[in-house]
Amino acid sequence: MKYITQKDLDVFIKRTLQDKLTGGSDTKLDRVESQAMGTFRKYIGKRYDVDAIYSIQEDENGNDIRDPFVIKLLCHIMIYTLYSPYAPHDIPEHRKFDYQETMEFLREVGRGDNDCDFKLKEVDVTDDLISEIKINSYPKINHRY
1027 MKYITQKDLD VFIKRTLQDK LTGGSDTKLD RVESQAMGTF RKYIGKRYDV DAIYSIQEDE
1087 NGNDIRDPFV IKLLCHIMIY TLYSPYAPHD IPEHRKFDYQ ETMEFLREVG RGDNDCDFKL
1147 KEVDVTDDLI SEIKINSYPK INHRY
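Per our numbering, residue 1027 is the first one in the sequence shown, and the count goes up by one each step.
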């Protein structure tokens, strides 16, 4: 896995259950992690520099400086994705709740309704700026017949 380690997943789900859901396959975990990272990018990638979030892994002393909140969000998405194909109706309620909370948070952050300390994308001012704000007025209505 690229960003999430096995130790990170072990905090949220038992290894025996991971092996049952993945069939002991590391490639499945890699694919699920890629999907979770893609989901993360899709929701907040417009505003925040997701590559910068994923690139920070260790400081110069070799200490792990990854954002624990990002790890938690990615793990919740990964675990829900692992459960989905095998038992979509039997997913534990706390897993559903964690996933729904994660997705709602990502939606709010993506819309700008919720603030977080992720690095904002830098805007290149030399290009034509496309704003998300659209200003309209109602057309004048001619009431003369």
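A virtual CB, placed ideally from N, CA and C, is assigned to each residue, including glycine.
- Message: Considering only the alpha carbon of each residue, which of N1168, L1043 and F1144 lies closest to P1094?
- Response: As a working mapping, residue 1094 is identified with position 68 in the sequence shown. Comparing Cα positions, the closest option is F1144.
| message | Using the three-state DSSP reduction, which class does Y1164 fall into: helix, strand or coil? | response | The count along the sequence shown starts at 1 and reaches residue 1164 at position 138. Note: Y1164 maps to coil in three-state DSSP.
(Q) Helix, strand or coil, according to DSSP, for D1036 in the structure here? (A) One-based indexing of the sequence shown puts residue 1036 at position 10. The answer is helix: DSSP assigns D1036 an H, G or I state.
With a threshold of 7 Å on Cβ separation, who are the neighbours of I1039 within its own chain once the five nearest residues in sequence on each side are excluded? Here residue 1039 is taken as the residue at index 13 of the sequence shown, counted from 1. Here the set comprises I1105.
query = Is it a yes or a no for the region 1062-1070 touching the region 1035-1053, going by three-plus beta-carbon pairs under 8 Å?
reply = no
* Quick one: residues in its chain with C-beta nearer than 7 Å to the C-beta of D1056, no 5 flanking neighbours on either side, listed in chain order? => Here residue 1056 is taken as the residue at index 30 of the sequence shown, counted from 1. The residues are M1027.
> Is D1093 helix, strand or coil when you go by DSSP?
Replying inline: Here residue 1093 is taken as the residue at index 67 of the sequence shown, counted from 1. Under the three-state reduction of DSSP output, D1093 falls in the coil class, being neither helix nor strand.
May I ask which residues mark the beginning and end of the alpha helix (DSSP H) holding A1062?
Sequence index remark: in the sequence shown, residue 1062 carries index 36 (1-based). Looking at the DSSP string, the run of the alpha helix (DSSP H) that includes A1062 is D1052 to I1070.
- Message: Please confirm whether Q1061 has its beta-carbon closer than 8 Å to some beta-carbon of chain B.
- Response: The structure shown contains no chain B; it holds only a single protein chain.
Q) Between L1043, T1031 and D1124, which lies nearest to E1059 when the distance is taken from Cα to Cα? A) Looking up residue 1059 in the sequence shown gives position 33. Closest by C-alpha distance to E1059, out of L1043, T1031 and D1124, is T1031.
Beta-carbon within less than 7 Å of K1072's beta-carbon, same chain only, minus the 5 sequence neighbours each way: which residues are those?
Here residue 1072 is taken as the residue at index 46 of the sequence shown, counted from 1. So the qualifying residues of the chain are G1136.
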